[in-house]
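Colleague: In full-length UniProt numbering, the protein residues as written are 1 to 427. Glycine included, C-beta positions come from ideal geometry on N, C-alpha and C.
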Amino acid sequence: MSSPSQLPPIPADAPLRKVIEDRIDEIATTLLHEAVQSIEWPSPMPLEHFDGEVTPYIISGFLYGLDLITEGRRVTRAEAATFVLPVAERHAEDGIPLPFLFTALHAGVRKLWEIVLESATEGDSETIAALGIYLADLTGTISVLLTEVYQDSDFALRATTRRQLSAVCAGLIDGDPGVDVIAKQVGIKLSDHYDVLAIRVDVDEPRTTHETLAARRRLRLANQVFYGRGAGEILNTFDGHTGVILLPAPIVEPRDDSAIASHLSTLIAALSERLDGAIYAAYHPDATLAAIPAAVSEADEITRLARQLKREPGIYQLADVLFEYQSTRPGPARDLLARHIAPLRDHPGLLQALQAHLQHGADRKAAAAELFIHPNTLTYRLRRIQDITGYDPTDPHQSRLLAAAMTIYAIDHAGTAVAAMAPGDPD
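#1: Just mark Gly178 as buried or exposed, buried being the case when its beta carbon has 16 or more other beta carbons within 10 Å.
#2: Beta carbon of Leu337, beta carbon of Val321: below 7 Å?
#3: CB Pro393 to CB Leu401, shorter than 7 Å?
#4: Quick check on Thr242: does DSSP put it in helix, strand or coil?
#5: Using DSSP's beta-bridge definition, name the partner residues of Pro97.
#6: Which residues in the same chain as His340 place their Cβ atom closer than 7 Å to its Cβ, once the five residues preceding and following it in sequence are excluded?
#7: Please return the same chain residues whose Cβ sits closer than 7 Å to the Cβ of Glu324, not counting the five positions on each side in sequence.
#8: Following the continuous alpha helix (DSSP H) through Ala299, name the residue where it begins and the one where it ends.
#9: Counting Cβ pairs closer than 8 Å, one from the region 161-180 and one from the region 132-147, do we hit at least three?
#10: Would you call the region 13-33 and the region 89-103 in contact, with 3 or more CB pairs under 8 Å?
#11: Could you compute how far the alpha carbon of Glu312 sits from the alpha carbon of Asp300?
#12: Using the Cα positions of Ile315 and Leu63, report the straight-line distance between them to the nearest angstrom.
#13: Would you list the one or two residues that DSSP bridges to Tyr64?
#14: Under DSSP, the alpha helix (DSSP H) around Leu289 begins and ends at which residues?
#15: In the DSSP assignment, find the alpha helix (DSSP H) that holds Ser274 and state where it starts and stops.
#16: Val201 lies in the beta strand (DSSP E); which residues open and close that run?
#17: If you draw a straight line from the C-alpha of Ala80 to the C-alpha of Thr147, how long is it?
#18: Is Asp94 buried or exposed, if buried means 16 or more other CB atoms sit within 10 Å of its CB?
#19: If we count Cβ pairs, one from each stretch, closer than 8 Å, do we get three or more for the region 371-390 versus the region 265-278?
#20: Can you tell me the Cα-Cα spacing of Ala183 and Asp192, whole angstroms?
#21: Expressed to the nearest angstrom, what Euclidean distance is found between the alpha-carbon atoms of Leu246 and Ile279?
#22: Across which residues does DSSP place Pro248 in a beta bridge pair?
#23: If we ignore side chains and look at the alpha-carbon of each, how far apart do Ala28 and Ala281 end up?
#24: For the candidate residues Arg110, Glu71 and Thr141, whose alpha-carbon lies nearest to that of Thr82?
#25: Sorted by chain position, which residues of the same chain lie with C-beta nearer than 7 Å to Gly424's C-beta, five sequence neighbours on each side aside?
#26: Should Val75 be listed as close to the ligand FMN, given that the test is whether its C-beta is under 6 Å from any heavy atom?
#27: Val418 by DSSP, collapsed to three states: which one?
#28: Could you check where the alpha helix (DSSP H) with Ile388 kicks off and where it finishes?
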C-alpha cells in the first residue's frame with residue numbers, strides 16, 4: 001500500500017506523458033480559456049486579461065508536476081503554494097470572488113481530463129488511472145490554498161490599511177476638518193506640508209468588467225511600487241485610472257523645483273513601467289493642509305488638459321499648460337472664444353487647415369505638406385476661414401484668438417477626431 005506521500009508513478013517514457021509535454025504551451029492556453037469561459041462575467045472577458053500573469057504559472061506548475069509524477073510523489077502544500085499563491089493573491093486583490101476561482105479551477109481540470117482521454121492510446125490505461133489520482137489530489141490542495149488566501153488575516157489587514165490610507169487622503173482632498181482625528185485613529189501622523197501629485201492613466205474611464213478588472217490590477221501593481229520605494233504609508237486615492245498621491249514635503253531634500261521634479265518624475269517612471277502604460281501627471285509642491293483641496297483641483301485639471309490636448313505623457317506643472325489652462329476657465333471669455341470657432345464645426349477640412357497653420361506658423365509649406373495639399377490650397381482655405389469666422393489666421397493678433405478658440409474646441413471635442421478629408425476637398 002502506498003504511503004501518504006506516495007502515488008502510483010508514471011514512467012518518464014509513458015506515451016501519454018510525452019504527448020502532454022510536447023503540447024504544454026497549447027494545453028496551458030486551452031485550460032486558461034476554458035477556465036475564463038466557465039465564469040458568468042457581467043460582460044465579456046478577453047483571455048488576454050489573464051494570459052500574462054496566469055499562463056506562466058500553469059506551464060511551470062505542469063512541468064514541475066510531471067517530474068514529481070515520475071517519482072510517484074504527490075505535490076506538497078508548500079510546493080503547490082509556489083504556483084498557486086501568486087495567482088490567488090492577485091485575483092483576491094483585484095476583487096474576483098472566490099466562487100469564480102473554484103468554478104474556473106474545476107472547469108480547467110475537467111478540460112485537462114478531456115485532453116488526456118482524447119490523447120490516450122490503448123497502452124495508457126495505467127497512466128490514465130494514475131493521472132486521475134494526481135488530479136483529484138492536486139485539486140483538493142489548490143482548493144484549500146485558495147480558501148486560505150481569501151481568509152488570510154494578514155491579507156485582509158493589508159487591504160484594510162490601504163482603505164484607511166485612501167480615506168485619510170480623501171479627507172485631506174475634501175478639506176475635512178476632522179481628518180486629523182481619522183489619521184490618529186489609524187496611526188498616521190500628518191505632515192504640515194505635502195507635495196500633491198495627480199495621476200491619470202492614458203486609458204478611458206472603466207466601463208466593462210474587463211476594464212474594471214484591468215484598473216484593479218493597475219491599482220495592485222501601483223501599490224507594489226509605492227511600498228517597494230520604502231513608503232508604506234503613502235496617502236493616495238489612486239483607483240487604477242486616476243487619483244491623487246500626497247507625499248510629505250520633507251521627503252525631498254533639498255527643497256528646490258528641480259529636486260522635486262526629479263523625485264516625482266522617477267516615481268511616475270516607475271509607475272509607468274510597472275503598469276505598462278502611459279501616465280499623465282501634474283504636481284503642486286509644498287501645499288499646506290488647508291491648500292491641498294485647491295492644489296488637487298489644479299493638478300487634476302492639468303492632467304486632464306494634457307491628455308485631452310494629446311500632449312506627450314509625463315509630468316506637468318501649471319506653467320507647462322498655462323495658456324491652455326487659462327483659456328479654458330469657465331466664464332464669458334471662454335464662451336466668447338468658443339463662439340469664434342463654432343462656424344467651422346461643419347467644415348472639417350478648414351479645421352484641419354487651421355490646426356496645421358497654428359502648429360507650423362509662418363512655414364506654409366510644412367503645414368501644407370502635413371495636409372498633403374499644395375501651399376496655394378492652404379492659402380485658399382485660410383482665406384475661407386477668415387470669410388466664415390471674421391478672423392484672419394495670418395494676422396498675429398487674430399491668430400492668437402483663433403489658437404485659444406481651437407484649444408477650447410480640442411477640449412470640448414476630446415476623443416472625437418476631425419473627419420479625414422481628401423486632399424482636394426476644400427472644406
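Modeller: Taking the coordinates as given:
#1: The residue labelled residue 178 in the question sits at position 178 within the sequence shown. It is exposed - the Cβ of Gly178 has fewer than 16 other Cβ atoms within 10 Å.
#2: Stepping through the sequence shown from its first residue, residue 337 is reached at position 337. Stepping through the sequence shown from its first residue, residue 321 is reached at position 321. Cβ distance not < 7 Å, so Leu337 and Val321 don't count as in contact.
#3: By one-based count along the sequence shown, residue 393 stands at place 393. By one-based count along the sequence shown, residue 401 stands at place 401. Not in contact: Pro393 and Leu401 (Cβ atoms no closer than 7 Å).
#4: As a working note, residue 242 is residue 242 in the sequence shown. Annotated three-state conformation of Thr242 is strand, per DSSP.
#5: If you number the sequence shown from 1, residue 97 lands on position 97. Residue pairing for Pro97: DSSP places it in no beta bridge.
#6: Locating residue 340 in the sequence shown gives position 340, where the first residue counts as 1. Cβ within range, chain order: Thr389, Tyr391, Leu401, Leu402 and Ala405.
#7: Counting from one through the sequence shown, the residue named residue 324 turns up at place 324. If we look at Glu324 and ignore the five residues flanking it on each side, its Cβ neighbours are Leu305, Leu309 and Thr407.
#8: Residue 299 sits at position 299 when you count from the first residue of the sequence shown. Ala299: member of the alpha helix (DSSP H) spanning Ile292 to Gln308, first to last residue.
#9: The region 161-180, when compared against the region 132-147, does not touch it at the 8 Å Cβ threshold.
#10: No, the region 13-33 is not in contact with the region 89-103.
#11: Within the sequence shown, residue 312 is the residue found at index 312, counting from 1. Within the sequence shown, residue 300 is the residue found at index 300, counting from 1. Distance between the alpha carbons of Glu312 and Asp300 is about 16 Å.
#12: Looking up residue 315 in the sequence shown gives position 315. Looking up residue 63 in the sequence shown gives position 63. Counting only the Cα atoms, Leu63 lies some 44 Å from Ile315.
#13: Counting from 1 along the sequence shown, the entry for residue 64 is found at position 64. The partner list for Tyr64 (beta bridge, DSSP) is empty, contrary to what the question assumes.
#14: Here residue 289 is taken as the residue at index 289 of the sequence shown, counted from 1. According to the DSSP assignment, Leu289 belongs to no alpha helix (DSSP H), since it is labelled neither H nor E.
#15: If you number the sequence shown from 1, residue 274 lands on position 274. A small fix is needed here, since residue 274 is Arg in this sequence, not Ser. For Arg274, the enclosing alpha helix (DSSP H) stretches over residues Asp257 to Leu275.
#16: Along the sequence shown, read from residue 1 onward, the residue named residue 201 stands at position 201. In the DSSP assignment, Val201 falls within the unbroken beta strand (DSSP E) covering His193 to Val201.
#17: By one-based count along the sequence shown, residue 80 stands at place 80. By one-based count along the sequence shown, residue 147 stands at place 147. Rounded to whole angstroms, Ala80 to Thr147 spans 14 Å at the Cα level.
#18: If you number the sequence shown from 1, residue 94 lands on position 94. With 16 or more neighbouring CB atoms inside 10 Å of its own CB, Asp94 falls in the buried class.
#19: With a cut-off of 8 Å, the region 265-278 and the region 371-390 do not count as touching, because too few Cβ pairs lie within range.
#20: The sequence position of residue 183 within the sequence shown is 183, counting from 1. The sequence position of residue 192 within the sequence shown is 192, counting from 1. In a straight line, the C-alpha of Ala183 is about 13 Å away from that of Asp192.
#21: In the sequence shown, counting from the first residue as 1, residue 246 sits at position 246. In the sequence shown, counting from the first residue as 1, residue 279 sits at position 279. A straight-line Cα-Cα distance of about 17 Å links Leu246 and Ile279.
#22: Counted from its first residue, the sequence shown places residue 248 at position 248. Looking at the DSSP output, Pro248 sits in a beta bridge with Tyr194.
#23: Here residue 28 refers to the residue found at position 28 of the sequence shown. Here residue 281 refers to the residue found at position 281 of the sequence shown. Answer to the nearest angstrom: the Cα atoms are 39 Å apart.
#24: The residue given as residue 82 occupies position 82 in the sequence shown. The shortest Cα separation from Thr82 among Arg110, Glu71 and Thr141 belongs to Thr141.
#25: Counting from one through the sequence shown, the residue named residue 424 turns up at place 424. Legend: pLDDT at Gly424 = 45, less than 50; position of this residue unreliable, value from coordinates given subsequently. There are no such residues.
#26: Looking for the ligand FMN in the displayed structure turns up nothing, as the structure carries no ligands at all.
#27: As a first step, residue 418 must be located in the sequence shown, where it is residue number 418. Per-residue confidence for Val418 stands at a pLDDT of 49, beneath the threshold of 50, marking its modelled position as unreliable; no derived number is given.
#28: Here residue 388 corresponds to residue number 388 of the sequence shown, with the count starting at 1. It spans Pro375 to Thr389 - the alpha helix (DSSP H) in which Ile388 sits, taken as one unbroken run.
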